[in-house]
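Shown next, in structure tokens, is the structure this report addresses.
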Amino acid sequence: MNYCKLAEILDEAARSATSVEQISKSRPINLEEAYAIQAISLSRRYKRLEKFTGIKLGFTSRAKMEQMGVHDLIWGRLTDRMAYHESEKMDCSEFIHPRAEPEIAFRVCKDFDRQLDHTSVFDYIDAVAIAIEIIDSRFKDFKFSLEDVVADNCSSSAYVIGEWNPVSTDFRSVAINLSVDGYTVQSGNTNAILGDPVESVIEASRLLQENGESLEEGHVILAGAATAAEYIKPGQLISAESESLGIVKLEII
Ligand code: OOG
Ligand code: MG
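Mapping of the sequence shown onto this note's numbering: position 93 corresponds to residue 286, and the numbering continues sequentially without gaps.
Pasting the structure below:
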């Protein structure tokens, strides 16, 4: 089966909220092929007039690696169709088996034109926020290999970003949690994200440059979850909170 067909299968699985078999079960693919499938699957979304809004990193914390049994940093693409506002409700029927995780988001203020380092990175991001990412693997039982999940755009399906804070706000080594209906279900610390979430931005710039791609002013970077993810269902109010960054909520129907 060629890449286009595999991309179509994954894109249609997302569109119809129907799970499919893991690619790796029938055909071994390598990481390069997996990223090629991801890119083709996203180009189908762009043809439907979805707009690229930024990228997400995955498996930047031990909690996530252990939960999913996958041990390498991955990246996927975000589009405007995945972006929810706090005032919107997320309709669970448009998803297969969605899970929520608490994240940190950074806002890009200058087009990425180089690989960033610890000093230059702050010229390129001007805001930080608490966020919820909704991941929804298109694979049955939410099970996959590293290559499978990369081909599936790293399970990206939705995200909501709280109020932006200046990037000088303390986002390092701060407690972060995920709550369902006001009860904390996951708690962690932002230092679980590569030791410091800003490392995700540096990693993002490296990965993008290696791929000949870039981020522009206004794009966002989801740094990766600091805790394991939780299954969500209709009727729940999901929130992510951190003392310094505030709270963001998403109502599920
Ligand atoms: C893959 C996506 C991982 C994160 O924050 O680590 C991810 C998955 O767990 O389905 O988004
Ligand atoms: Mg995530």
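We put the beta carbon where it would ideally sit given N, CA and C, even for glycine.
What is the DSSP secondary structure of residue i, counted as helix, strand or coil?
i: Leu309; result: coil
i: Asp319; result: strand
i: Ser280; result: coil
i: Leu190; result: Since the first residue of the chain shown is 194 and the last is 446, residue 190 is not available in this structure.
i: Lys336; result: coil
i: Val373; result: strand
i: Ala416; result: coil
i: Glu226; result: helix
i: Glu423; result: strand
i: Val314; result: helix
i: Asn195; result: coil
i: Ile233; result: helix
i: Ala385; result: helix
i: Arg292; result: strand
i: Ser380; result: strand
i: Arg300; result: strand
i: Glu410; result: coil
List the endpoints of the continuous alpha helix (DSSP H) containing residue i.
i: Val391; result: 391-403
i: Val342; result: 339-344
i: Lys257; result: 255-261
i: Ser217; result: 216-219
Is the closest heavy atom of the ligand OOG to the C-beta of residue i under 7 Å?
i: Ile216; result: no
i: Gly417; result: yes
i: Lys257; result: yes
i: Val342; result: yes
i: Glu392; result: no
i: Ile230; result: no
Examine the ligand MG and report whether any of its heavy atoms sits within less than 7 Å of the Cβ of residue i.
i: Gly251; result: yes
i: Glu296; result: yes
i: Glu396; result: no
In terms of residues, what are the limits of the beta strand (DSSP E) holding residue i?
i: Thr272; result: 267-272
i: Val353; result: 349-354
i: Lys249; result: 245-251
i: Ile440; result: 439-445
i: Ser435; result: 430-435
Exercise for the section: Report yes or no: do three or more beta-carbon pairs, one from the segment 210-229 and one from the segment 358-369, lie closer than 8 Å? Expected result: no
Handout entry: Contact the segment 306-321 vs the segment 335-354: 3+ CB pairs below 8 Å
Key = no
Exercise for the section: Report yes or no: do the segment 210-223 and the segment 360-373 share at least 3 C-beta pairs separated by less than 8 Å? Expected result: no
Exercise for the section: Taking 8 Å as the threshold, find out whether the segment 417-428 comes into contact with the segment 384-394 through three or more Cβ pairs. Expected result: yes
Handout entry: Touch test, the segment 273-280 against the segment 365-373, Cβ-Cβ under 8 Å, three pairs minimum
Key = no
Handout entry: Sufficient close CB pairs (3 or more, under 8 Å) joining the segment 317-336 to the segment 196-214
Key = yes
Practice task
Determine contact between the segment 231-241 and the segment 263-273, defined as no fewer than three beta-carbon pairs at a distance below 8 Å.
Solution key: yes
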